[in-house]
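For the sequence shown, UniProt numbering assigns the number 1 to the initial residue and increments by one for each residue that follows.
Where is the CB? At the ideal position from N, CA and C, for every residue including glycine.
Remarks on the structure that follows.
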Amino acid sequence: MQSLYDLNYEQMGDFAQSMGWKRFRGHQIFQWLYRERVTDVDAMTNLSKETRSILKERFVIDPLKVVKKQVSFDGTTKFLFQTEDGSLLESVMMVFDYGRSVCVSSQVGCNMGCAFCASGLTKKRRNLTSGEMVAQFLNIQRELDKEGQRLSHIVVMGTGEPFDNYENVMNFLATVNHDRGLGIGSRHITISTCGVVPRIYEFADEHTQYNLAISLHAPNDELRSKLMPINQAYPLSELMKAIRYYGQENNRRLTFEYILLKGVNDQPQHARQLSQLLHGLNAYVNLIPYNSVDEKQFKSVTRQEAMVFYDLLMKNNVRCTIRKEHGQDIDAACGQLRINEIKKGLGQ
Ligand code: SAH
Numbered sequence: 001m002q003s004l005y006d007l008n009y010e011q012m013g014d015f016a017q018s019m020g021w022k023r024f025r026g027h028q029i030f031q032w033l034y035r036e037r038v039t040d041v042d043a044m045t046n047l048s049k050e051t052r053s054i055l056k057e058r059f060v061i062d063p064l065k066v067v068k069k070q071v072s073f074d075g076t077t078k079f080l081f082q083t084e085d086g087s088l089l090e091s092v093m094m095v096f097d098y099g100r101s102v103c104v105s106s107q108v109g110c111n112m113g114c115a116f117c118a119s120g121l122t123k124k125r126r127n128l129t130s131g132e133m134v135a136q137f138l139n140i141q142r143e144l145d146k147e148g149q150r151l152s153h154i155v156v157m158g159t160g161e162p163f164d165n166y167e168n169v170m171n172f173l174a175t176v177n178h179d180r181g182l183g184i185g186s187r188h189i190t191i192s193t194c195g196v197v198p199r200i201y202e203f204a205d206e207h208t209q210y211n212l213a214i215s216l217h218a219p220n221d222e223l224r225s226k227l228m229p230i231n232q233a234y235p236l237s238e239l240m241k242a243i244r245y246y247g248q249e250n251n252r253r254l255t256f257e258y259i260l261l262k263g264v265n266d267q268p269q270h271a272r273q274l275s276q277l278l279h280g281l282n283a284y285v286n287l288i289p290y291n292s293v294d295e296k297q298f299k300s301v302t303r304q305e306a307m308v309f310y311d312l313l314m315k316n317n318v319r320c321t322i323r324k325e326h327g328q329d330i331d332a333a334c335g336q337l338r339i340n341e342i343k344k345g346l347g348q
């Protein structure tokens, strides 16, 4: 059944109108969902009994069930959810000094097949609906409501490739971004892609204020194609062309993510190639310590080795940061919790 979370503000108004109701009914429903965060249609007390029963016949509110929660000593909390068709997905809440951020999954499994990633260990089962992405946010926000806390940031960096589920991801963001919805500012929203070039052009043309992050992970085609199969479809020359186009169209700083894999992409020549590749772009590089994945051979660099790479980039005028690690005492690597539960036979 469709979820009320699938409809963005405009669509909720359209739906109300299509039922012969005032458009304002849509506005009221939206308020109940996102301001009051009710999970039961009968709690929408300013709607008539008849309106409520029509809603209940056609929609559920929350399409997800929390099946597991892991809390780390640093406050990082992982949520494992189950959808109505039995799929498992995970989301992570992280605590920063600037606020609380949620990392949202966009697909069940992933087809991108990056060599180092746990998410791709299972092929994509399906795209998540926008309502299922909204529900990841709201389930966590409802827990935080009890403590008087709020989620202030969203990163679409969980399992899945958001630009392989473009429409639903954009619809989800429209709802969380809407000032009558959850009111998360565009600049507090980041979408991360492995480099689906046609969607980068499309995204650039939409001129949203969302941040874009590119998972680069290698500074030359030979290495990148080995680590990330998407590079065979869209090699670096095409990716960088799309990125430059994005830069022309959007006056926004771009983030490049670069996992440091010991002995693979962490050598001085890689830092040099990387700085050449990014020369002249309004960009910064987020150096990411690798979260080891049982099924994969890759190892992370030490903090010291990361610093050497960092210094080389800075010397070559590339701005960069080393990402702080979160939740190391829980199944922190992307997709790891879901994989472990699938192995135990809990779901798919
Ligand atoms: N498909 C999108 C978003 C999901 S992955 C993308 O590729 O950007 C989010 C980020 O986590 C990507 O940069 C991805 O390469 C990185 N990642 C995947 N597995 C990781 C691991 N085990 N340790 C650290 N980062 C990882």
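Considering only their Cβ atoms, is the gap separating HIS153 from SER101 smaller than 7 Å?
Along the sequence shown, read from residue 1 onward, the residue named residue 101 stands at position 101. Along the sequence shown, read from residue 1 onward, the residue named residue 153 stands at position 153. Pairing SER101 with HIS153 gives a Cβ-Cβ distance under 7 Å.
For SER106, count the other beta carbons within 10 Å of its own beta carbon; 16 or more makes it buried, fewer makes it exposed. Which is it?
Here the question's residue 106 lines up with position 106 in the sequence shown. Flag for SER106 reads buried.
Looking only at C-alpha atoms, which of ARG25, LYS146, LEU313, SER186 sits nearest to residue 356?
What is shown of the chain runs 1 to 348, which leaves residue 356 out entirely.
Buried or exposed: ASN127, going by 16 or more other Cβ atoms within 10 Å of its Cβ?
Reading the sequence shown from its first residue, position 127 is the one you call residue 127. When all chains shown are included, ASN127 counts as buried.
Looking at GLN273: is its Cβ nearer than 7 Å to the Cβ of ASN220?
On the sequence shown, position 273 is the one that residue 273 refers to. On the sequence shown, position 220 is the one that residue 220 refers to. Taking 7 Å as the cut-off, the beta carbon of GLN273 is found closer than this to the beta carbon of ASN220.
Candidates GLU222, GLN82, PHE59, LEU55: which alpha carbon is nearest LYS68's?
As a position in the sequence shown, residue 68 is number 68, starting the count at 1. Closest by alpha carbon: GLN82.
Below 7 Å between beta carbons: does that hold for MET112 and ILE230?
For the purposes of this step, residue 112 is identified with residue 112 of the sequence shown, where counting begins at 1. For the purposes of this step, residue 230 is identified with residue 230 of the sequence shown, where counting begins at 1. It is a contact, given that the beta carbons lie within the stated cut-off.
Could you tell me whether any non-hydrogen atom of the ligand SAH is closer than 6 Å to the CB of THR193?
To locate residue 193, count along the sequence shown from 1; it is residue 193. True, at least one ligand heavy atom lies under 6 Å from that Cβ.
Would you call the region 183-200 and the region 162-175 in contact, with 3 or more CB pairs under 8 Å?
Flag = yes, the region 183-200 and the region 162-175 touch.
For PHE96, does the three-state DSSP call read helix, strand or coil?
For the purposes of this step, residue 96 is identified with residue 96 of the sequence shown, where counting begins at 1. Reduced to three states, the DSSP call for PHE96 is strand.
Which ranges does the alpha helix (DSSP H) cover as unbroken runs of at least 4 residues, wholly within the region 98-170, from first to last along the chain?
Complete alpha helix (DSSP H) runs here, min 4: 130-145.
Curious, which full-length alpha helix (DSSP H) runs of at least 4 residues does the region 33-95 contain?
Complete alpha helix (DSSP H) runs here, min 4: 49-58.
With a threshold of 8 Å, are at least 3 pairs of Cβ atoms found where one atom belongs to the region 318-333 and the other to the region 49-66?
Counting C-beta pairs with one atom in each stretch, the region 318-333 and the region 49-66 have fewer than three that are closer than 8 Å, which means they do not touch.
Taking 7 Å as the threshold (C-beta atoms), are LYS124 and CYS114 in contact?
In the sequence shown, residue 114 corresponds to position 114, counting from 1. In the sequence shown, residue 124 corresponds to position 124, counting from 1. Not a contact, by the Cβ cut-off of 7 Å.
I'd like the list of long-range same chain contacts for LEU182, defined as Cβ closer than 6 Å, with 5 residues on each side in sequence excluded.
Numbered from its first residue, the sequence shown carries residue 182 at position 182. Taken in chain order, the residues that qualify are TYR34, VAL176.
Looking at the secondary structure, which residues open and close the beta strand (DSSP E) in which TYR284 lies?
Taking the first residue of the sequence shown as position 1, residue 284 is located at position 284. If you look at TYR284, you'll find it in the beta strand (DSSP E) that goes 283-289.
6 Å Cβ shell around GLN70 - same chain, five flanking residues per side excluded:
In the sequence shown, residue 70 corresponds to position 70, counting from 1. Taken in chain order, the residues that qualify are LYS78, ILE330.
Residues near ASN8 in its chain [Cβ-Cβ closer than 8 Å; skip 5 each side]:
Residue mapping note: residue 8 aligns to position 8 of the sequence shown, counting from 1. Only SER130, ASN171, ALA174, THR175, HIS178, GLY181 meet the Cβ criterion.
Close beta carbons around PHE96, own chain, < 8 Å, minus the five adjacent residues each side:
As a working note, residue 96 is residue 96 in the sequence shown. Hits under 8 Å: HIS153.
Look at ILE243 and TYR290 and say whether their C-beta atoms are less than 7 Å apart.
Residue 243 sits at position 243 when you count from the first residue of the sequence shown. Residue 290 sits at position 290 when you count from the first residue of the sequence shown. Against a cut-off of 7 Å, the Cβ pair of TYR290 and ILE243 comes out as no contact.
For ARG338, count the other beta carbons within 10 Å of its own beta carbon; 16 or more makes it buried, fewer makes it exposed. Which is it?
Locating residue 338 in the sequence shown gives position 338, counting from the first residue. By the neighbour-count rule (16 or more Cβ atoms within 10 Å), ARG338 is buried.
Close beta carbons around LEU216, own chain, < 6 Å, minus the five adjacent residues each side
Counted from its first residue, the sequence shown places residue 216 at position 216. Excluding sequence neighbours, LEU216 sits near PHE256, TYR258.
Suppose contacts are defined by Cβ-Cβ distances below 7 Å. Is GLY335 in contact with ALA118 by that definition?
Start at 1 with the first residue of the sequence shown, and residue 335 comes out as number 335. Start at 1 with the first residue of the sequence shown, and residue 118 comes out as number 118. Against a cut-off of 7 Å, the Cβ pair of ALA118 and GLY335 comes out as a contact.
Beta carbon of ALA271, beta carbon of PHE298: below 7 Å?
Counting from 1 along the sequence shown, the entry for residue 271 is found at position 271. Counting from 1 along the sequence shown, the entry for residue 298 is found at position 298. Contact flag unset, no.
Which residue comes first and which comes last in the beta strand (DSSP E) that contains ARG319?
Here residue 319 refers to the residue found at position 319 of the sequence shown. Unbroken beta strand (DSSP E) run through ARG319: 319-322.
So, at 6 Å on beta carbons, what are the nonlocal neighbours of VAL134 in its own chain, with the 5 sequence-adjacent residues on each side left out?
Translated into positions along the sequence shown, residue 134 becomes position 134. Around VAL134: TYR5, PHE172, THR175.
Which residues does DSSP pair with ALA192 in a beta bridge?
Along the sequence shown, read from residue 1 onward, the residue named residue 192 stands at position 192. Note that residue 192 is Ser in the sequence shown, not Ala. DSSP output for SER192 lists ALA213 as bridge partner(s).
Is TYR166 near the ligand SAH, judged by its Cβ being under 6 Å from some heavy atom?
The residue given as residue 166 occupies position 166 in the sequence shown. Because no heavy atom of the ligand SAH lies under 6 Å away, the Cβ of TYR166 does not count as near it: no.
Counting along the chain, where does the beta strand (DSSP E) carrying TYR258 start and finish?
As a first step, residue 258 is located in the sequence shown; it is residue number 258 there, counting from the start. Where TYR258 is concerned, the enclosing beta strand (DSSP E) stretches over 254-260.
Quick one: is the Cβ of ARG293 within less than 6 Å of any heavy atom of the ligand SAH?
Indexing the sequence shown from 1 puts residue 293 at position 293. What sits at residue 293 in the sequence shown is Val, not Arg. It does: the Cβ of VAL293 is within 6 Å (strictly closer) of some heavy atom of the ligand SAH.
Please state whether the Cβ-Cβ distance between ALA204 and GLU249 is less than 7 Å.
Position 204 of the sequence shown, counted from the first residue, corresponds to residue 204. Position 249 of the sequence shown, counted from the first residue, corresponds to residue 249. Closer than 7 Å, so yes.
Three-state secondary structure (DSSP) of SER186:
In the sequence shown, residue 186 corresponds to position 186, counting from 1. It is helical.
I want to check one thing, is the minimum distance from the CB of TYR290 to the heavy atoms of the ligand SAH below 6 Å?
Here residue 290 refers to the residue found at position 290 of the sequence shown. Yes, the ligand SAH has a heavy atom inside 6 Å of this Cβ.
For SER192, which of TRP21, LEU227, THR159 has the nearest alpha-carbon?
Stepping through the sequence shown from its first residue, residue 192 is reached at position 192. That would be THR159, whose Cα lies nearest to the Cα of SER192.
I'd like the list of long-range same chain contacts for ASN211, defined as Cβ closer than 6 Å, with 5 residues on each side in sequence excluded.
Along the sequence shown, read from residue 1 onward, the residue named residue 211 stands at position 211. These residues qualify, in order along the chain: THR190.
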